[in-house]
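Working notes for the structure below.
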Amino acid sequence: MSTYKLKQYLKLHLSKKRYKHTVRVAKLAKELAVIYNIDPFKAEYASLGHDIAKEISDLEAMAYIDQYGIKLDPVIEQNPNLAHGEIGAIMLRNQFGCEDSEILEAVKWHTYGHKNMSLLSKIIYMADVVEASRTFEGVEELRVLVRVDIDAAILKFCDLTQDYFKKNNQGMHQNTYDMIETIKKADS
Ligand SMILES: [Fe+2]
Ligand SMILES: [Fe+2]
Numbered sequence: 175m176s177t178y179k180l181k182q183y184l185k186l187h188l189s190k191k192r193y194k195h196t197v198r199v200a201k202l203a204k205e206l207a208v209i210y211n212i213d214p215f216k217a218e219y220a221s222l223g224h225d226i227a228k229e230i231s232d233l234e235a236m237a238y239i240d241q242y243g244i245k246l247d248p249v250i251e252q253n254p255n256l257a258h259g260e261i262g263a264i265m266l267r268n269q270f271g272c273e274d275s276e277i278l279e280a281v282k283w284h285t286y287g288h289k290n291m292s293l294l295s296k297i298i299y300m301a302d303v304v305e306a307s308r309t310f311e312g313v314e315e316l317r318v319l320v321r322v323d324i325d326a327a328i329l330k331f332c333d334l335t336q337d338y339f340k341k342n343n344q345g346m347h348q349n350t351y352d353m354i355e356t357i358k359k360a361d362s
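Under my numbering, the letters of the sequence shown match residues 175 to 362, in that order.
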């Protein structure tokens, strides 16, 4: 498993903007991996691969959803692109021979989370939302929190997104509710 082959693919298939985002996620995820004492290579590889499927068309996404039986949560029915994490994990396994279940899960759940998130999955989830170019209200506080208490950072971020979704009349994926519940239970 080499990051070289993956990077070459991403440079060819992702927009410049998305590729740069991916590199920023990898930089932060590696830093967080050191803080939380997990393998920085896994953090880098999962970060590089996390948005590999982000720019496929809705038609292609629907084809993956059908072929691989990806759960059609109502929010995915509305926006098939939200499944790009699950599709990305399939691409990394099929096209890049990635068999590392921890990496594949981190990619799979980076968009809407999952009830059982490994530390690596949590790191990719949060590195994606607070990487250096993000500017939403509250991001500075999250950048501090993510380096001290990753669970608290996830809960804080989910609070912010829930408010945003309510204001915009959007629903949240069931997995995100499940993730919040598991983290709250573990912390109580
Ligand atoms: Fe993504
Ligand atoms: Fe991303």
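Every residue gets a Cβ at the ideal spot worked out from N, C-alpha and C, and that includes glycine.
Cα separation between residue 289 and residue 322?
21 Å
Do the region 216-230 and the region 263-276 meet, that is, are 3 or more Cβ pairs less than 8 Å apart?
yes
Confirm the yes/no value for this check: CB of residue 225, any heavy atom of ligand 2, distance under 8 Å.
yes
Run through DSSP, which three-state label would residue 332 get?
helix
Does the beta-carbon of residue 287 have 16 or more other beta-carbons within 10 angstroms, so that it is buried, or is it exposed?
buried
For the putative contact between residue 319 and residue 285, defined by C-beta atoms under 8 Å, what is the C-beta separation to the nearest angstrom?
Wrong, their Cβ atoms sit about 21 Å apart, outside the cutoff.
Can you check which of these residues, 337, 329, 348, 349, is closest to residue 360 by C-alpha distance?
329
Regarding residue 195 and ligand 2, is the C-beta to nearest heavy atom distance less than 8 Å?
yes
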